[in-house]
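Visitor: Quick one: the structure is below, and I'll ask about it shortly.
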Amino acid sequence: MKAIAYSIKPQEKECLALANGKKHDLTLISNELNEQTVAYAVGKEAVIVSPYDILDHKMLWELKNVGVTKIITRSKTTTHIDLKEATRMDFKVANAPDADQSIENIAKQTIRNLNAWGVGKCVGKACCCQKVCEMDKKKVKPEADNQAENRYRYGQAGS
7 MKAIAYSIKP QEKECLALAN GKKHDLTLIS NELNEQTVAY AVGKEAVIVS
57 PYDILDHKML WELKNVGVTK IITRSKTTTH IDLKEATRMD FKVANAPDAD
107 QSIENIAKQT IRNLNAWGVG KCVGKACCCQ KVCEMDKKKV KPEADNQAEN
157 RYRYGQAGS
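Numbering-wise (the working numbering), the sequence shown opens with residue 7 and increments by one.
Rendered as structure tokens:
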């Protein structure tokens, strides 16, 4: 997958390169994502951002216009991303949800997200999309089955 990572600090560069293992075509730049640097994302499927890169309505449209379809934030938080607008615009959004927020582990989580998307899979607990997806449907189904089973067990099958 072709991706560009913005706002990369020197210590992050090596960790991302090692975690990637030359699997994805990664461009790593120290520039923040803004109106002037969004052009670097042309031809990329994904952008990898820091919590300091603001992805508001306008920036999401800029990314969409250059062909980006996926966003990964190198943080647990997603407050810097307008998730409702991203969902409306059909972006896939992921974060780095693990408790271990070390630079090395965030790099591993970031590449794990790219790997999953690269083979057409959901990123699981890293998913920040606000849509009901196949993963959500699988989570809901067992609960519905349990409710039906409990109604039958307690003589409420017709309810």
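Just so it is clear, CB atoms sit at the ideal spot from N, CA and C, and this is done for glycine as well. All of these numbers come straight from a predicted model, not from anything done at the bench.
Alpha carbon to alpha carbon, how far is Lys-70 from Asn-156? Give it in angstroms, no decimals.
Guide: Position 150 of the sequence shown, counted from the first residue, corresponds to residue 156. Position 64 of the sequence shown, counted from the first residue, corresponds to residue 70. Low confidence applies here, because Asn-156 scores a pLDDT of 45, under 50, leaving its location unreliable and the question unanswered by this model.
Visitor: Flag this pair as yes or no: are the beta carbons of His-86 and Leu-61 separated by less than 8 Å?
Guide: As a working note, residue 86 is residue 80 in the sequence shown. As a working note, residue 61 is residue 55 in the sequence shown. Yes, these two residues count as a Cβ contact at 8 Å.
Visitor: Quick one: any contact between the segment 42 to 51 and the segment 18 to 27, if contact means 3 or more CB pairs under 8 Å?
Guide: no
Visitor: Alpha carbons only, please: which of Gln-107, Ser-108, Ala-100 is nearest the one belonging to Gly-130?
Guide: Taking the sequence shown and counting its residues from 1, one reaches residue 130 at position 124. Looking at the Cα atoms, Ala-100 is the closest of the given residues.
Visitor: Going by CA-CA distance only, name the one from Gln-136, Ser-108, Ala-132 that's closest to Arg-118.
Guide: Taking the first residue of the sequence shown as 1, we reach residue 118 at position 112. It is Ala-132 whose Cα lies nearest to the Cα of Arg-118.
Visitor: Here's a check: name, in chain order, each residue in its chain whose Cβ is nearer than 6 Å to the Cβ of Gly-124, leaving out the five neighbours to either side.
Guide: Along the sequence shown, read from residue 1 onward, the residue named residue 124 stands at position 118. For Gly-124, where only same-chain residues beyond five positions count, the Cβ hits under 6 Å are Met-7.
Visitor: Quick check: the Cα distance between Tyr-12 and Lys-114, rounded to an integer number of angstroms?
Guide: The count along the sequence shown starts at 1 and reaches residue 12 at position 6. The count along the sequence shown starts at 1 and reaches residue 114 at position 108. Approximately 17 Å, taken between the alpha carbons.
Visitor: Is Cys-21 helix, strand or coil when you go by DSSP?
Guide: As a first step, residue 21 is located in the sequence shown; it is residue number 15 there, counting from the start. In this structure, Cys-21 counts as helix in the three-state DSSP scheme.
Visitor: May I ask you to report which of helix, strand or coil DSSP gives Val-53?
Guide: Here residue 53 refers to the residue found at position 47 of the sequence shown. Annotated three-state conformation of Val-53 is strand, per DSSP.
Visitor: Decide if Val-146 is buried, meaning its Cβ has at least 16 other Cβ atoms within 10 Å, or exposed.
Guide: Position 140 of the sequence shown, counted from the start, is the residue given in the question as residue 146. The pLDDT assigned to Val-146 is 48, lower than 50, so where the model puts this residue is not dependable, and the model offers no usable value.
Visitor: According to DSSP, is Leu-69 part of a helix, a strand, or is it coil?
Guide: On the sequence shown, residue 69 is found 63 positions in, with the first residue counted as 1. Correct three-state label for Leu-69: helix.
Visitor: From Glu-68 to Ala-92, what does the alpha carbon distance come to, in whole angstroms?
Guide: The residue labelled residue 68 in the question sits at position 62 within the sequence shown. The residue labelled residue 92 in the question sits at position 86 within the sequence shown. Each residue's alpha carbon lies about 12 Å from the other.
Visitor: Leaving out five residues on either side along the sequence, give the residues of the same chain with a beta carbon under 7 Å from the beta carbon of Asn-26.
Guide: On the sequence shown, residue 26 is found 20 positions in, with the first residue counted as 1. Around Asn-26: Leu-32, Ile-117.
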